[in-house]
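Q: Residue numbers (our numbering): 375 to 483. Glycine included, every Cβ here is placed at the ideal spot set by N, Cα and C. Once you've had a glance at the structure underneath, I'll fire off some questions.
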């Protein structure tokens, strides 16, 4: 299974949105299927995947933004939000996330 690294406040936000069991299920899903999210244009390879919230299903659930490079590198968990709070990332947010990812990739090698 793939290693996962929550960046910044990701874990706290994810546990708040998904609960303990939902958080563990999300980690398991991404570790087993790291290519399940679609690639977001203009982000340097970030992916977005839908994760169901307890009692709400995928469409009313959360979106997880993460970076997957290959099987030898950990998956970087960057951002989680409720779909009701935000539909898509703006161009400015995409550019900012790309810069952040580039810096993290340099750090992880």
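Is residue 389 helix, strand or coil by DSSP?
A: On the chain shown, residue 389 is found 15 positions in, with the first residue counted as 1. Residue 389: helix per DSSP, three-state reduction.
Q: Expressed to the nearest angstrom, what Euclidean distance is found between the alpha-carbon atoms of residue 417 and residue 429?
A: Position 43 of the chain shown, counting from 1, holds the residue named residue 417. Position 55 of the chain shown, counting from 1, holds the residue named residue 429. Cα to Cα, residue 417 sits roughly 31 angstroms from residue 429.
Q: Would you kindly work out how many angstroms separate the C-alpha atoms of residue 415 and residue 453, rounded to a whole number?
A: Along the chain shown, read from residue 1 onward, the residue named residue 415 stands at position 41. Along the chain shown, read from residue 1 onward, the residue named residue 453 stands at position 79. Between residue 415 and residue 453, the C-alpha separation is close to 16 angstroms.
Q: On a Cα-Cα basis, can you pick out the residue from 392, 408, 385 that is closest to residue 377?
A: For the purposes of this step, residue 377 is identified with residue 3 of the chain shown, where counting begins at 1. Here the closest residue by C-alpha is 408.
Q: Would you kindly work out how many angstroms separate the C-alpha atoms of residue 442 and residue 388, rounded to a whole number?
A: As a first step, residue 442 must be located in the chain shown, where it is residue number 68. As a first step, residue 388 must be located in the chain shown, where it is residue number 14. For residue 442 and residue 388, the distance between alpha carbons rounds to 18 angstroms.
Q: Within a Cβ cutoff of 8 angstroms, which residues of the same chain sit near residue 478, ignoring the five residues on either side of it in sequence?
A: To locate residue 478, count along the chain shown from 1; it is residue 104. Excluding sequence neighbours, residue 478 sits near 381, 441, 450.
Q: Between the Cα of residue 427 and those of 379, 402, 392, spot the shortest distance and give me the residue it belongs to.
A: Along the chain shown, one-based indexing puts residue 427 at 53. Of the candidates 379, 402, 392, the one whose C-alpha sits nearest the C-alpha of residue 427 is 392.
Q: When the distance is taken between beta carbons, is residue 406 closer than 8 angstroms to residue 422?
A: By 1-based counting over the chain shown, the position of residue 422 is 48. By 1-based counting over the chain shown, the position of residue 406 is 32. Cβ distance not < 8 angstroms, so residue 422 and residue 406 don't count as in contact.
Q: How many Å lie between residue 485 and residue 481 at the Cα?
A: An answer regarding residue 485 cannot be provided, because it is not within the stretch 375 to 483 covered by the chain.
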